[in-house]
Amino acid sequence: MDAGAPVIAVDGPSGTGKGTVCRRLAQALGWHFLDSGVLYRAVGLAAQRAGVPLNAEQPVAALAANIDLRFVPDPHAEYGMTVLLDGEDISAAIRTEEAGGAASQVAAFPAVRAALLKRQRAFRRRPGLIADGRDMGTVVFPDAALKLFLTASPEERARRRHNQLKEKGIDVSLRALLEDIRARDERDRGRAISPLVPAADARLIDTTAMDVEAVVNEAMRHVREQGLA
Ligand code: C5P
617 MDAGAPVIAV
627 DGPSGTGKGT
637 VCRRLAQALG
647 WHFLDSGVLY
657 RAVGLAAQRA
667 GVPLNAEQPV
677 AALAANIDLR
687 FVPDPHAEYG
697 MTVLLDGEDI
707 SAAIRTEEAG
717 GAASQVAAFP
727 AVRAALLKRQ
737 RAFRRRPGLI
747 ADGRDMGTVV
757 FPDAALKLFL
767 TASPEERARR
777 RHNQLKEKGI
787 DVSLRALLED
797 IRARDERDRG
807 RAISPLVPAA
817 DARLIDTTAM
827 DVEAVVNEAM
837 RHVREQGLA
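Shown next, in the form of structure tokens:
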């Protein structure tokens with residue numbers, strides 16, 4: 617951890633292009649990258665594998681505090697890194713819809729979020745950090761040099777996810793995805809702790825009618841305006 621290293625916090629729901637934008641920013645600036653959703657996904661997966669019920673706050677929090685989780689940068693991997701849980705590659709296992717649902721369940725527990733706080737802050741190193749999540753600008757890095765909050769309509773986000781899955785040869789109904797997105801949004805926005813809301817000083821980007829390139833350009837404009845590039 618290096619409290620002096622600048623942070624760009626990028627928050628918002630999934631399907632807004634957030635992940636891609638963050639990776640592109642990290643690449644363009646040569647900064648570190650934290651995909652905080654991976655931590656929640658890994659905890660959900662670890663709990664399922666250990667037979668710990670997802671609704672058991674304390675046992676899940678104990679897992680969150682103790683799991684052996686490592687990130688290995690890999691330019692050939694789909695998300696630019698390999699994720700190891702107890703030395704096993706879980707990069708693919710954490711990306712399923714089911715893992716996303718499990719993540720959102722364990723993420724609602726204050727004790728789980730507290731257990732992951734230090735781990736997330738440890739990513740803050742020079743020359744800087746791009747932090748991707750739901751509460752990067754509000755809770756984890758409230759002193760971020762720039763806070764972006766990406767949104768898009770649920771319908772557009774479901775359509776994007778549908779296309780992504782189709783490219784992988786996975787056929788899921790659009791309607792089921794939309795319902796899933798709505799349920800997860802509700803849980804993420806409505807939870808008592810670290811709800812998915814923009815920080816007061818966040819800059820909002822509605823990506824509904826934008827392609828990824830346009831979102832990256834808009835994000836870079838804010839980065840430059842803030843004197844970070
Ligand atoms: O971003 P991703 O889809 O990987 O996140 C999975 C889930 O983890 C989210 O739906 C959310 O419930 C939770 N999460 C969170 N806080 C973060 C990142 C993810 O609560 N900073």
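So in the working numbering, spot 160 of the sequence shown is number 776, and the numbers just go up one at a time.
Backbone N, C-alpha and C fix where the C-beta goes; we use that ideal spot for every residue, glycine too.
Taking the Cβ atom as the reference point for each residue, do Arg737 and Phe765 lie within a distance shorter than 9 Å?
-> no
From Ile797, Ala816 and Leu790, residue whose alpha carbon lies closest to that of Lys763 | Ala816
What residues in its chain sit with their C-beta under 6 Å from that of Arg640, if we drop five residues either side in the sequence?
-> Val832
Assigned exposure category for Gln721 - 16 Cβ within 10 Å defines buried | buried
Beta strand (DSSP E) segment containing Gly625, residue limits = The amino acid at residue 625 is misidentified as Gly; the sequence shows Ala. It spans Val623 to Asp627 - the beta strand (DSSP E) in which Ala625 sits, taken as one unbroken run.
Alpha carbon to alpha carbon, how far is Gly806 from Asp627?
-> 16 Å
What residue range is occupied by the uninterrupted beta strand (DSSP E) comprising Thr636?
-> Taken as a continuous stretch (DSSP letters only), Thr636 belongs to no beta strand (DSSP E), being part of the alpha helix (DSSP H) at Lys634 to Leu645.
Compute the distance between the beta-carbons of Val728 and Ala680, then report whether it is under 9 Å.
-> yes
What separation, rounded to the nearest whole angstrom, lies between the Cα atoms of Val688 and Leu700?
-> 8 Å
Three CB pairs or more closer than 8 Å across the stretch 770-781 and the stretch 671-679 = no
Could you have a look at Asp804 and say whether DSSP puts it in helix, strand or coil?
-> helix
Is DSSP giving Leu764 helix, strand or coil here?
-> strand
Quick one, which of Asp684, Leu745 and Ala709 has its alpha-carbon nearest Asp618's?
-> Leu745
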